[in-house]
């Protein structure tokens, strides 16, 4: 039966080709692939999860353009910081998770809206990215007026969120090729830029800025990274640091890089992964787990945003690719296999592929958004001991990971899904930022797991500088399609726009 479904899905792909993947290409950013009515769907289907609230960013009745999401605790209040495409940063009070409310909006109408949060002395700062140029609407928003920027500006805005209900513009980090994602080093002193450009340069780079003096960012260098010939691109799409800041993991479209960042101003390349089963290396996150014998194992999880979020003829789309990078394997990572959601079926044209994830190392859990297939929760405790090979494929359970919760609405198009706190029984409220629906709040039951509690840190309390979270939460919006792990998608889908990623 599964073989029949796969064949049918491929055949449907030949008949139901989506429009070329033009996200971020002159259209003001991604457009949702899900169809929305005058109101969003109130009910869907799931396992061990239920929806508890939905919040709209405006009253237009149109798609809400949600992108990245991060969190901030300030005193007794907790906030979700929701990025959007052209609607500004939504600062949402989630102190009562089932009753979220918009506390403020930082008026910065740019595309992408990737967010990072960190401390600088007594100040709480955040970055907010402009993937392409600000354009007319962006230049007319508060952030551009505060900074004196015109419609041709591109890069990252630094915002002061010490008082979350009254955000203040601090400075601008100019990046002519755009900030698809910007990642803060755990020291809180450096920003690493990922421009994610396609087929534009044989000399790809990661731009590094010193932001230890936030009002006056200082460019350190354009760090050169390898060029992979005959590929969709070699630029960094997203970067994740390890907790100590001594390593960075760059998901760079057709390659994944391991960098030594012991000296953040002078990184060094340790390894390069080119995996033909990964179409778009979208995010690469490390996790260290303890084996039964007490020894440590380092794993790298790479997401494949297959087809760059183009509409899908089938599911599950791109999956999670797992590599052992323990000890000497760091220089030559060993692939343990690939994991996919347990949804193998034809798709209705809504995007179906892995997207923004977050790993919770102490809890041995992972949350991830899967666009049209909603939000997912995984138990990753098995990564400590799992064995496998590049050919190992798991659907729902295997390769050291097991899906323990999910929820899908008929109009789901979820970009990012994360939580800021978790109870000892594994239960939590999770927050999905959705292109179509806006902010969705879910309750995950815990599915019988037992974990150390996760508690957010009060970022406004006196303490050391540094980043709150090293995972960046990101998005990539364009790319051709190739055979990817479980399913091969028709080569015709590769016909899309591969222009330089400069946007208006």
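Numbering (this note's numbering), first residue to last: 397 to 900.
The beta-carbon is built from N, C-alpha and C at its ideal position, and this holds for glycine as well.
Q: Mind listing, in chain order, the continuous beta strand (DSSP E) runs of no fewer than 3 residues lying wholly within the region 789 to 854?
A: Counting only runs of 3 or more, we get 789 to 791, 797 to 804, 810 to 814, 824 to 830 and 834 to 840.
Q. Who pairs with residue 434 in a beta bridge, going by DSSP?
A. As a position in the chain shown, residue 434 is number 38, starting the count at 1. In the DSSP secondary-structure assignment, residue 434 is not bridged to any residue.
Q: Compute the distance between the beta-carbons of residue 757 and residue 737, then report whether it is under 8 Å.
A: Translated into the one-based positions of the chain shown, residue 757 becomes position 361. Translated into the one-based positions of the chain shown, residue 737 becomes position 341. No, Cβ-Cβ distance for residue 757 and residue 737 is not below 8 Å.
Q: Examine the ligand ATP and report whether any of its heavy atoms sits within less than 7 Å of the Cβ of residue 446.
A: Looking for the ligand ATP in the displayed structure turns up nothing, as the structure carries no ligands at all.
(Q) Does residue 711 come out as helix, strand or coil in the three-state DSSP assignment? (A) By one-based count along the chain shown, residue 711 stands at place 315. Strand.
Q. If we ignore side chains and look at the alpha-carbon of each, how far apart do residue 804 and residue 440 end up?
A. Against the chain shown, residue 804 aligns to sequence position 408. Against the chain shown, residue 440 aligns to sequence position 44. So the two alpha carbons sit approximately 6 Å from each other.
Q. I think residue 661 touches residue 649, with their Cβ atoms under 8 Å apart; what is that distance to the nearest whole Å?
A. Along the chain shown, read from residue 1 onward, the residue named residue 661 stands at position 265. Along the chain shown, read from residue 1 onward, the residue named residue 649 stands at position 253. Your pair residue 661 and residue 649 does not check out as a contact, with CB atoms roughly 25 Å apart and the cut at 8 Å.
Q) Do you know offhand how far residue 485's Cα is from residue 691's? A) As a first step, residue 485 must be located in the chain shown, where it is residue number 89. As a first step, residue 691 must be located in the chain shown, where it is residue number 295. Their Cα atoms are separated by approximately 42 Å.
Q) Grouping DSSP H, G and I as helix and E and B as strand, with all else coil, what is residue 446? A) Walking along the chain shown from the start, residue 446 turns up at place 50. Correct three-state label for residue 446: strand.
Q) Where residue 512 and residue 557 are concerned, what is the direct C-alpha to C-alpha distance, given to the nearest angstrom? A) As a first step, residue 512 is located in the chain shown; it is residue number 116 there, counting from the start. As a first step, residue 557 is located in the chain shown; it is residue number 161 there, counting from the start. Put simply, the backbone Cα of residue 512 is about 11 Å away from that of residue 557.
(Q) If distances are taken between C-alpha atoms only, which option among 488, 728, 575 and 640 comes closest to residue 563? (A) Walking along the chain shown from the start, residue 563 turns up at place 167. It is 488.
Q. With DSSP run on the structure shown, which of helix, strand or coil describes residue 726?
A. Translated into the one-based positions of the chain shown, residue 726 becomes position 330. Helix, per DSSP.
Q.
DSSP has residue 614 in a bridge; who is on the other side?
A. Here residue 614 is taken as the residue at index 218 of the chain shown, counted from 1. According to DSSP, residue 614 bridges with 606.
Q) Within the chosen definition, does the region 790 to 797 reach the region 818 to 834 through at least 3 CB pairs nearer than 8 Å? A) These segments do not touch.
Q | Whole-Å CB distance - residue 680 paired with residue 715, under 8 Å assumed | A | Locating residue 680 in the chain shown gives position 284, where the first residue counts as 1. Locating residue 715 in the chain shown gives position 319, where the first residue counts as 1. In fact, because the Cβ distance is near 14 Å, the residues do not count as touching under 8 Å.
**Q.** Span of the alpha helix (DSSP H) around residue 532
**A.** Along the chain shown, read from residue 1 onward, the residue named residue 532 stands at position 136. Where residue 532 is concerned, the enclosing alpha helix (DSSP H) stretches over 531 to 535.
Q: Kindly indicate which three-state DSSP category residue 538 falls into: helix, strand or coil?
A: Taking the chain shown and counting its residues from 1, one reaches residue 538 at position 142. In the structure shown, residue 538 sits in a helix (DSSP, three-state: H, G or I).
Q: Alpha carbon to alpha carbon, how far is residue 613 from residue 438? Give it in angstroms, no decimals.
A: Stepping through the chain shown from its first residue, residue 438 is reached at position 42. Stepping through the chain shown from its first residue, residue 613 is reached at position 217. Looking at the two C-alpha atoms, the distance is approximately 45 Å.
Q: May I have the straight-line CA-CA distance separating residue 620 from residue 597, to the nearest angstrom?
A: Residue 620 sits at position 224 when you count from the first residue of the chain shown. Residue 597 sits at position 201 when you count from the first residue of the chain shown. If you take the alpha carbons of residue 620 and residue 597, they lie about 11 Å apart.
(Q) If I measure Cβ to Cβ from residue 852 and keep anything under 7 Å in the same chain, skipping five residues before and after, which residues do I get? (A) Residue 852 sits at position 456 when you count from the first residue of the chain shown. Excluding residues within five positions, the ones whose Cβ falls inside 7 Å are 467, 469, 474, 816 and 817.
Q.
Measuring straight from C-alpha to C-alpha, what distance separates residue 582 and residue 515?
A. The residue you call residue 582 lines up with position 186 of the chain shown. The residue you call residue 515 lines up with position 119 of the chain shown. Distance between the alpha carbons of residue 582 and residue 515 is about 10 Å.
Q.
On the criterion of 16 or more Cβ atoms from any shown chain inside 10 Å, does residue 845 qualify as buried, or is it exposed?
A. Position 449 of the chain shown holds residue 845. Buried, because 16 or more other Cβ atoms sit within 10 Å of the Cβ of residue 845.
Q.
If distances are taken between C-alpha atoms only, which option among 571, 732 and 493 comes closest to residue 671?
A. Residue mapping note: residue 671 aligns to position 275 of the chain shown, counting from 1. When only C-alpha atoms are compared, the closest one is 732.
Q. How many whole angstroms separate the CB atoms of residue 773 and residue 802, which I take to be in contact at a CB cut-off of 8 Å?
A. In the chain shown, the residue the question calls residue 773 occupies position 377. In the chain shown, the residue the question calls residue 802 occupies position 406. Yes, they are in contact, since the Cβ atoms of residue 773 and residue 802 sit about 7 Å apart, within 8 Å.
Q | Neighbourhood of residue 860 by C-beta distance below 8 Å, restricted to the same chain and skipping five residues each side | A | Along the chain shown, one-based indexing puts residue 860 at 464. Only 515 meet the Cβ criterion.
**Q.** Contact between the region 523 to 530 and the region 502 to 510 (3+ Cβ pairs under 8 Å)
**A.** yes
Q. DSSP state of residue 543, grouped into three classes?
A. In the chain shown, counting from the first residue as 1, residue 543 sits at position 147. Residue 543 falls in the helix class under three-state DSSP.
Q.
From the DSSP secondary-structure annotation, give me the bridge partner or partners of residue 626.
A. Numbered from its first residue, the chain shown carries residue 626 at position 230. Note: residue 626 sits in no beta bridge, so no partner.
Q. Nearest to residue 675 by CA position, among 762, 430 and 734, is which residue?
A. Residue 675 sits at position 279 when you count from the first residue of the chain shown. Taking only the C-alpha atoms, the option nearest residue 675 is 734.
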